[in-house]
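Participant: So the working numbering is basically just the index in the sequence shown, starting at one, shifted up by 33. We treat Cβ as the ideally placed atom computed from N, Cα and C, and that holds for glycine.
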Amino acid sequence: MSLNIYTIKHPLVSNWTSSLIHSPNEQNKQKQETLKKISLCLIYEAMRKSIYIQELYIKNLDYINHINIISNNNINIVCCNFELHISLKHSLDKLIPNISIYPIIMTSDQKIININDKKTSKRKDNIIILEPYLEAKKIIQIINHIDSDYKLSNNIQICVIKVSTNEIQKLSEIYSHFSVYTTKIINDN
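(1) Could you tell me the boundaries of the beta strand (DSSP E) in which Cys112 lies?
(2) Nearest-angstrom Cα distance between Ala79 and Ile110?
(3) With a 10 Å radius around its C-beta and 16 neighbouring C-beta atoms as the bar for buried, classify Thr216 as buried or exposed.
(4) In chain order, what are the residue ranges of uninterrupted beta strand (DSSP E) at least 3 long that sit wholly in the segment 163 to 187?
(5) Cβ atoms of Gln190 and Ile161: under 7 angstroms apart, would you say?
(6) When the Cα of Val193 is compared with those of Asn98, Ile102, Lys70 and Ile119, which residue comes out closest?
(7) Identify which residue in Ser35, Tyr39, Leu68 and Asn61 has its Cα closest to the Cα of Asn48.
(8) For Leu75, collect the residues of the same chain with a Cβ closer than 6 angstroms to its Cβ; drop the 5 residues on either side in sequence, then sort them by chain order.
(9) What residue range is occupied by the uninterrupted beta strand (DSSP E) comprising Asn37?
(10) Tell me the rounded alpha-carbon separation between Asn220 and Ile138.
(11) For the beta strand (DSSP E) holding Glu133, just list the boundary residues, first then last.
(12) For my contact list, Asn159 and Ser83 are in at a C-beta cut-off of 8 angstroms; report their separation, rounded to the angstrom.
(13) Between the Cα of Asn61 and the Cα atoms of Lys127, Ile173, Leu117 and Tyr39, which residue gives the shortest distance?
(14) May I ask which residues mark the beginning and end of the alpha helix (DSSP H) holding Leu204?
(15) Helix, strand or coil for Thr67? Go by DSSP, reduced to three states.
(16) Within a Cβ cutoff of 6 angstroms, which residues of the same chain sit near Glu206, ignoring the five residues on either side of it in sequence?
(17) Could you check which residue in Ser72, Arg81, Ile175 and Ile100 has the C-alpha nearest to that of Leu89?
(18) Assign Ser56 to buried or exposed, taking buried as 16 or more other Cβ atoms, counted over all protein chains shown, within 10 Å of its Cβ.
(19) Can Ile134 and Lys122 be called in contact, C-beta distance under 7 angstroms?
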């Protein structure tokens with residue numbers, strides 16, 4: 034089985050991605066804001082299958098109220114960029130129920146020292162790994178860490194802004210049953 038790769042082709046996302054890639058001298062605050070917008074779109078696409086709407090009808094004497102209620106399992110987002118984690122945390126907490134976003138802290142020798150607080154459940158139903166650029170080695174370490182501490186779910190989505198074909202190949206050799214959401218695929222050949 035191979036990786037499922039989804040490329041987001043929305044015009045706004047394409048414009049933001051282009052400005053992010055082709056404007057390396059952009060101010061840090063503006064760059065973080067662009068990263069946040071793209072990340073929210075990627076998370077939205079990854080979560081579409083995880084969120085369910087339940088319809089509730091309340092009958093009054095002369096009319097019926099129709100209410101939509103979001104019911105979903107817990108969604109856990111692992112964010113590898115600490116600045117992005119801080120800016121997304123406030124937005125996502127307000128927008129989506131039952132969501133938890135965790136930063137990843139890695140040492141210089143690529144060891145994970147902290148992935149979350151210990152208040153969470155041992156079962157991770159929906160996991161989204163958010164990374165600006167796909168580095169297969171880093172993603173594999175994160176997945177191995179999640180697998181060692183928790184029951185690894187097959188419902189893992191990886192959201193990256195930019196990915197190279199070589200990195201996809203490296204990742205698919207070890208974990209081939211996950212979904213990757215991206216805005217840009219770069220052909221290394």
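Facilitator: Taking the geometry as given:
(1) Residues Ile108 to Cys112.
(2) 11 angstroms
(3) Burial call: buried.
(4) none
(5) yes
(6) Lys70
(7) Leu68
(8) Cys192 and Tyr214
(9) Per DSSP, Asn37 belongs to the beta strand (DSSP E) from Asn37 to Thr40.
(10) Roughly 29 angstroms between the two C-alpha positions.
(11) Checking the displayed sequence, the identity of residue 133 turns out to be Ser instead of Glu. Here the beta strand (DSSP E) through Ser133 covers Ile132 to Pro136.
(12) 5 angstroms
(13) Leu117
(14) Unbroken alpha helix (DSSP H) run through Leu204: Thr198 to Ile207.
(15) helix
(16) none
(17) The residue with the shortest Cα to Cα distance from Leu89 is Ile100.
(18) exposed
(19) yes
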